[in-house]
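Participant: Chains as they are written, first to last, in our numbering: chain Y, 137 to 541; chain P, 137 to 541.
Protein chains: 2
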Amino acid sequence: MAVGLSDPDEILPVAGIKLASCAAGIKKNGKHDLVVIVVDEGATCAATFTQNAFCAAPVTLAKKHLSQNTPRALLINAGNANAGTGETGMQNAIQSCVWLSEKLQCLTDQVLPFSTGVIGEQLPMPVLNAGINQVVKNISEDSWLLAAKGIMTTDTVAKAISRTLVLDGQKITISGIAKGSGMICPDMATMLSFIATDANVETDFLQQCLSDVVEQSFNSITVDGDTSTNDACVLIATAKANNRQLNKASEDASLFVDELNEVCQFLAQAIIRDAEGATKFVTVTVSQAQSTAEAKNVAYTIAHSPLVKTALFASDPNWGRILAAVGRAGVEQLDINNVNLYLDDVCIVRNGSVADDYSEEKGQTVMNQEEITIRVELGGGNDSATIWTSDLSHEYVRINAEYRS
Amino acid sequence: MAVGLSDPDEILPVAGIKLASCAAGIKKNGKHDLVVIVVDEGATCAATFTQNAFCAAPVTLAKKHLSQNTPRALLINAGNANAGTGETGMQNAIQSCVWLSEKLQCLTDQVLPFSTGVIGEQLPMPVLNAGINQVVKNISEDSWLLAAKGIMTTDTVAKAISRTLVLDGQKITISGIAKGSGMICPDMATMLSFIATDANVETDFLQQCLSDVVEQSFNSITVDGDTSTNDACVLIATAKANNRQLNKASEDASLFVDELNEVCQFLAQAIIRDAEGATKFVTVTVSQAQSTAEAKNVAYTIAHSPLVKTALFASDPNWGRILAAVGRAGVEQLDINNVNLYLDDVCIVRNGSVADDYSEEKGQTVMNQEEITIRVELGGGNDSATIWTSDLSHEYVRINAEYRS
Chain Y
137 MAVGLSDPDE ILPVAGIKLA SCAAGIKKNG KHDLVVIVVD EGATCAATFT
187 QNAFCAAPVT LAKKHLSQNT PRALLINAGN ANAGTGETGM QNAIQSCVWL
237 SEKLQCLTDQ VLPFSTGVIG EQLPMPVLNA GINQVVKNIS EDSWLLAAKG
287 IMTTDTVAKA ISRTLVLDGQ KITISGIAKG SGMICPDMAT MLSFIATDAN
337 VETDFLQQCL SDVVEQSFNS ITVDGDTSTN DACVLIATAK ANNRQLNKAS
387 EDASLFVDEL NEVCQFLAQA IIRDAEGATK FVTVTVSQAQ STAEAKNVAY
437 TIAHSPLVKT ALFASDPNWG RILAAVGRAG VEQLDINNVN LYLDDVCIVR
487 NGSVADDYSE EKGQTVMNQE EITIRVELGG GNDSATIWTS DLSHEYVRIN
537 AEYRS
Chain P
137 MAVGLSDPDE ILPVAGIKLA SCAAGIKKNG KHDLVVIVVD EGATCAATFT
187 QNAFCAAPVT LAKKHLSQNT PRALLINAGN ANAGTGETGM QNAIQSCVWL
237 SEKLQCLTDQ VLPFSTGVIG EQLPMPVLNA GINQVVKNIS EDSWLLAAKG
287 IMTTDTVAKA ISRTLVLDGQ KITISGIAKG SGMICPDMAT MLSFIATDAN
337 VETDFLQQCL SDVVEQSFNS ITVDGDTSTN DACVLIATAK ANNRQLNKAS
387 EDASLFVDEL NEVCQFLAQA IIRDAEGATK FVTVTVSQAQ STAEAKNVAY
437 TIAHSPLVKT ALFASDPNWG RILAAVGRAG VEQLDINNVN LYLDDVCIVR
487 NGSVADDYSE EKGQTVMNQE EITIRVELGG GNDSATIWTS DLSHEYVRIN
537 AEYRS
């Protein structure tokens, strides 16, 4: 069902990373629901987490552990978000780290916990304990695809990608997995992404790379504006490749950032392509803004508009809805006589009014496509932003209305 | 189909106000689409307009005329919004005022024009001219209900109300009409409201009353966060009653404001009850906030969440979605351990975690109702806000996806 996306073929192993996945029984349907990612000593790690004030216990604990130590393992369960679970939830998150650290003979704070699934229910601890005992038996360098499937909740397609580059004559691999049906469901979906590279990267620079790249990928997608209590993205650099340690002064730093950006953009866009009920993959680009933040705000206002989204679903070139969204986005000193609007390369609005050469047929041709670009020129500055979104379909309402029934 | 709302019975005439409505032929379906409200000399007038930067030609012109003169007539057409229509649209708006002013023997800038309907199409000027010639023949003090029907677009129920009070021993009447299926459709719905009273009210105070009351009524409702290019609310005081002129220093000013508030809240809530596809009427109250703006922002974040709205449609007490919306509303220094959440009087979350005495059955009982109150206590201050919203149903998607097909 995903728009222009199918299951990935091959994911390259990353030296220093082993993974495993199993069906612990947290999900009721017998599918894989527990994943462990084991990291060799000597790695560096960066991470970004949800900004939601109601963040889940594992998010709070993962942040704490990351501030204290370098992770040796990531423990991810699907089927239960361990969110809204109070002090018991925190104790359960700690206990799960204790269990895995005993198996792997590392410290408790070298384990980062992640959970995704239903909010407000306690983790089934005996089931989780048995699952941890089982999953550690299967760890292997080649289990990336299994891990990508093990972290899925309502996803219909596994999301994974590998890229390679050369640094100091050394072949470098970046592999990543992600899950999420587009943040559309804070009690079920949750965006999680785990990325690893064998490059040797200095910690502060690794965090800077991740933060910059996330801003243009995972923080540039929306299905419905709902952000999860559990969102997280982790980037591990194992330093197994023999490149000189990369830092912000390195000449070829941008090579690494570019490939990392490719990985994150692919994974972020994959989440939108697989958004619940999505029938369209829509790029929204806003340019000639007074700041990047302004451009992104206008783009999100368009992307969040239920009216724009239902028009996209209907393949209806109903440009008045886009214009109305631009008009209410709160742009300071917006001169509507400078605003242009395009669907792909078709100019619909020029200088604030319908373009003389626009016809309904031209707009309809673009709207009939599965992939569409909405482009707005604000005529006020030189900054721009691009985000990706999906449409609002009957299927979206059905999935989200009927989920628990 | 409206939730708890049927067609109004009787609307009291207001001395100094005459109205008329006719089927001019702007709407294709033969329904009434042209309304004139004629105001006797000596009235005062206040108005609020859409904040959308892409406001329609009639909005720009109405603001200009109001700044120049006191209105003697309001000209309202449904079926065409005269928005996104450029210079031609402005000339057409001016011409329509010229035509009506000639008929009524007043000045052009004593006519305020209002349009609601499809964006991006020019007004059918010969049709409009013939309609104006026809409609002025029918003006009468008793045509409030006809006018309420004449301004409808996708509304299923006419929205009108009268209230009375006594000032200085004089009986005062306030009658008002509104249209809109909940701002859900900037190219079709548009919120318009016209209210008149026979009270004698000083102009500046009248504007202050209207602005204050609109903030708690028409600016406290949402279906989907989309605001129209044409929204307007006009309040006329004809001064035909023999009360001493009311101003902000008047002892009984609050009596007038209270009744005006009742009128506006009824009309605003009627728009939500009649929102396209609505099956629920939902009150969202946020208290213990650090400011009214913060409280309103949290309330709107909940009310705009497609996940909360689909859960409401499904009568699913899926409180995790409400909590997640509160968490991403950007409240500064939110301590989640102080947050309480109620559905009607059922406490779901106490101090940030599921309440001990909460059960799914209790939540389900409230959710099964047609009218529901979501109440959030932020535990951070003393300010509060209440807004009204509807759910997100299959019917919403169908109406907005299929409208032009």
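We put the beta carbon where it would ideally sit given N, CA and C, even for glycine.
This structure is a prediction, so every number in the text was calculated from the model and none was measured.
When DSSP labels each residue in this structure, what does P/T415 get in the three-state scheme?
Facilitator: Indexing the second sequence from 1 puts residue 415 of chain P at position 279. It is coil, neither helix nor strand.
Participant: What three-state label does DSSP hand Y/S390 in the structure shown?
Facilitator: Mapped onto the first sequence, residue 390 of chain Y falls at position 254. The answer is helix: DSSP assigns Y/S390 an H, G or I state.
Participant: Quick check: what's the CA-CA separation for Y/M288 versus Y/V271?
Facilitator: The residue labelled residue 288 of chain Y in the question sits at position 152 within the first sequence. The residue labelled residue 271 of chain Y in the question sits at position 135 within the first sequence. So the two alpha carbons sit approximately 16 Å from each other.
Participant: Looking at the strands, I want to know which residues DSSP matches up with Y/A160.
Facilitator: Within the first sequence, the letter at position 24 stands for residue 160 of chain Y. Under DSSP, Y/A160 forms no beta bridge with any residue.
Participant: Three or more C-beta pairs under 8 Å: does that hold for the stretch 196-212 of chain Y against the stretch 298-312 of chain Y?
Facilitator: Output reads no: the stretch 298-312 of chain Y does not touch the stretch 196-212 of chain Y.
Participant: By the DSSP assignment, the beta strand (DSSP E) with P/V359 in it spans what residues?
Facilitator: Locating residue 359 of chain P in the second sequence gives position 223, where the first residue counts as 1. The continuous stretches of beta strand (DSSP E) do not include P/V359, and DSSP gives it neither H nor E.
Participant: Note down, in chain order, each residue of its chain lying with its Cβ closer than 7 Å to the Cβ of P/A491, except the 5 sequence neighbours on either side.
Facilitator: Here residue 491 of chain P is taken as the residue at index 355 of the second sequence, counted from 1. Excluding five sequence positions before and after P/A491, the CB atoms of its chain that fall closer than 7 Å to its own CB belong to C483, I484, V485, given in chain order.
Participant: In the structure shown, what three-state DSSP assignment does Y/S276 receive?
Facilitator: Translated into the one-based positions of the first sequence, residue 276 of chain Y becomes position 140. In this structure, Y/S276 counts as strand in the three-state DSSP scheme.
Participant: Using a Cβ-Cβ cutoff of 7 Å, what residues of the stretch 377-388 of chain Y are near chain P? List them in chain order.
Facilitator: none
Participant: Just list the residues that DSSP pairs P/R534 with in beta bridges.
Facilitator: Mapped onto the second sequence, residue 534 of chain P falls at position 398. Answer is none; P/R534 lacks a bridge partner.
Participant: Suppose contacts are defined by Cβ-Cβ distances below 9 Å. Is Y/L155 in contact with Y/A283 by that definition?
Facilitator: Here residue 155 of chain Y refers to the residue found at position 19 when the first sequence is read from its first residue. Here residue 283 of chain Y refers to the residue found at position 147 when the first sequence is read from its first residue. Annotated as proximal: Y/L155 and Y/A283, with beta-carbon spacing under 9 Å.
Participant: When you compare the CB positions of Y/T437 and Y/A465, do they come within less than 9 Å of one another, or not?
Facilitator: As a first step, residue 437 of chain Y is located in the first sequence; it is residue number 301 there, counting from the start. As a first step, residue 465 of chain Y is located in the first sequence; it is residue number 329 there, counting from the start. Yes. Within cutoff.
Participant: Can you tell me the Cα-Cα spacing of Y/A189 and P/P442, whole angstroms?
Facilitator: The residue given as residue 189 of chain Y occupies position 53 in the first sequence. The residue given as residue 442 of chain P occupies position 306 in the second sequence. Whole-angstrom Cα-Cα distance: 19 Å.
Participant: With 9 Å set as the bound, which would you pick, yes or no: does the beta-carbon of Y/L528 sit closer than that to a beta-carbon of chain P?
Facilitator: Along the first sequence, one-based indexing puts residue 528 of chain Y at 392. Yes, Y/L528 lies at the interface with chain P (some Cβ there is under 9 Å from its Cβ).
Participant: Taking C-beta to C-beta, are Y/S526 and Y/K416 nearer than 9 Å?
Facilitator: Sequence index remark: in the first sequence, residue 526 of chain Y carries index 390 (1-based). Sequence index remark: in the first sequence, residue 416 of chain Y carries index 280 (1-based). The answer is yes: Cβ separation under 9 Å.
Participant: Closest to P/A377 by CA distance: which of P/A406, P/L328, P/G178 is it?
Facilitator: In the second sequence, counting from the first residue as 1, residue 377 of chain P sits at position 241. Here the closest residue by C-alpha is P/G178.
Participant: Kindly provide the ranges of any alpha helix (DSSP H) runs that are 4 or more residues long and lie completely inside the stretch 251-301 of chain Y, ordered along the chain.
Facilitator: 261-271, 280-286
Participant: Just to confirm before moving on: does the CB-CB distance between Y/Q204 and Y/N228 stay below 9 Å?
Facilitator: Counting from one through the first sequence, the residue named residue 204 of chain Y turns up at place 68. Counting from one through the first sequence, the residue named residue 228 of chain Y turns up at place 92. No, they are not a contact pair.
Participant: Compare the Cα-Cα distances from Y/N366 to each of Y/A389, Y/L403, Y/M327 and report the closest residue.
Facilitator: As a working mapping, residue 366 of chain Y is identified with position 230 in the first sequence. Nearest option by C-alpha distance: Y/M327.
Participant: Name, going along the chain, the residues of the stretch 434-452 of chain Y whose beta-carbon falls closer than 8 Å to a beta-carbon of chain P.
Facilitator: H440, S441, P442, L443, T446, A447, F449, A450, D452
Participant: Helix or strand or just coil, what does DSSP make of Y/K384?
Facilitator: Within the first sequence, numbered from 1, the residue matching residue 384 of chain Y stands at position 248. Here Y/K384 sits in coil by DSSP.
Participant: Using a Cβ-Cβ cutoff of 8 Å, what residues of the stretch 181-206 of chain Y are near chain P? List them in chain order.
Facilitator: Q187, N188, A189, F190, C191
Participant: Please determine if the stretch 346-357 of chain Y and the stretch 506-523 of chain Y are in contact, where contact requires at least 3 C-beta pairs separated by less than 8 Å.
Facilitator: yes
Participant: By the three-class DSSP mapping on this structure, what secondary structure does P/S329 have?
Facilitator: Working through the second sequence from its first residue, we reach residue 329 of chain P at position 193. DSSP places P/S329 in strand when its eight states are reduced to three.
Participant: Since P/V467 meets chain Y, which of its residues come closer than 8 Å, beta carbon to beta carbon?
Facilitator: Start at 1 with the first residue of the second sequence, and residue 467 of chain P comes out as number 331. Within chain Y, the residues near P/V467 are A189.
Participant: Just checking my contact of Y/L479 with Y/M503 at CB under 8 Å: how many whole Å lie between their CB atoms?
Facilitator: Within the first sequence, residue 479 of chain Y is the residue found at index 343, counting from 1. Within the first sequence, residue 503 of chain Y is the residue found at index 367, counting from 1. Right, the Cβ-Cβ distance comes to about 7 Å (below 8 Å), so this counts as a contact.
Participant: When you compare the CB of P/A521 with every CB in chain Y, is at least one pair closer than 9 Å?
Facilitator: What you label residue 521 of chain P is simply residue 385 of the second sequence in a count that begins at 1. It does not: the Cβ of P/A521 has no partner Cβ on chain Y nearer than 9 Å.
Participant: Determine the burial state of P/S390: buried for a count of at least 16 other Cβ atoms within 10 Å of its Cβ, exposed for fewer.
Facilitator: Counting from one through the second sequence, the residue named residue 390 of chain P turns up at place 254. Classification for P/S390: exposed.
Participant: Can you tell which of Y/A537, Y/N536, Y/L528, Y/R534 has the C-alpha that lies nearest to the C-alpha of P/N536?
Facilitator: As a position in the second sequence, residue 536 of chain P is number 400, starting the count at 1. Among Y/A537, Y/N536, Y/L528, Y/R534, the Cα nearest to that of P/N536 belongs to Y/L528.
Participant: Any C-beta of chain P within less than 8 Å: which residues of the stretch 479-500 of chain Y qualify?
Facilitator: V485, G488, S489, V490
Participant: If you check the beta carbons only, do Y/E338 and Y/G413 fall under 9 Å apart?
Facilitator: As a working mapping, residue 338 of chain Y is identified with position 202 in the first sequence. As a working mapping, residue 413 of chain Y is identified with position 277 in the first sequence. In this structure, Y/G413 does not lie closer than 9 Å to Y/E338 by Cβ.
Participant: Ordered along the chain, which non-local residues of its own chain (more than five positions away) have a Cβ less than 7 Å from that of Y/V630?
Facilitator: Outside the modelled stretch of chain Y, which goes from 137 to 541, sits residue 630 of chain Y, for which no answer is possible.
Participant: Assuming Y/A425 contacts Y/G517 under a Cβ cut-off of 8 Å, what Cβ separation, rounded to an integer in Å, is found between them?
Facilitator: Numbered from 1 along the first sequence, position 289 holds the residue referred to as residue 425 of chain Y. Numbered from 1 along the first sequence, position 381 holds the residue referred to as residue 517 of chain Y. About 5 Å separates the two Cβ atoms, so the contact holds.
Participant: Let me confirm a value: Y/E395 is counted as buried when at least 16 other C-beta atoms fall within 10 Å, else exposed. Which label applies?
Facilitator: Walking along the first sequence from the start, residue 395 of chain Y turns up at place 259. Buried.
Participant: Rounded to the nearest angstrom, what separates P/G456 and Y/A217 at their Cα positions?
Facilitator: Taking the first residue of the second sequence as position 1, residue 456 of chain P is located at position 320. Taking the first residue of the first sequence as position 1, residue 217 of chain Y is located at position 81. Each residue's Cα considered, the two are about 11 Å apart.
Participant: Distance, Cα to Cα, Y/N487 vs Y/D452?
Facilitator: As a working mapping, residue 487 of chain Y is identified with position 351 in the first sequence. As a working mapping, residue 452 of chain Y is identified with position 316 in the first sequence. Roughly 22 Å separates the two Cα atoms.
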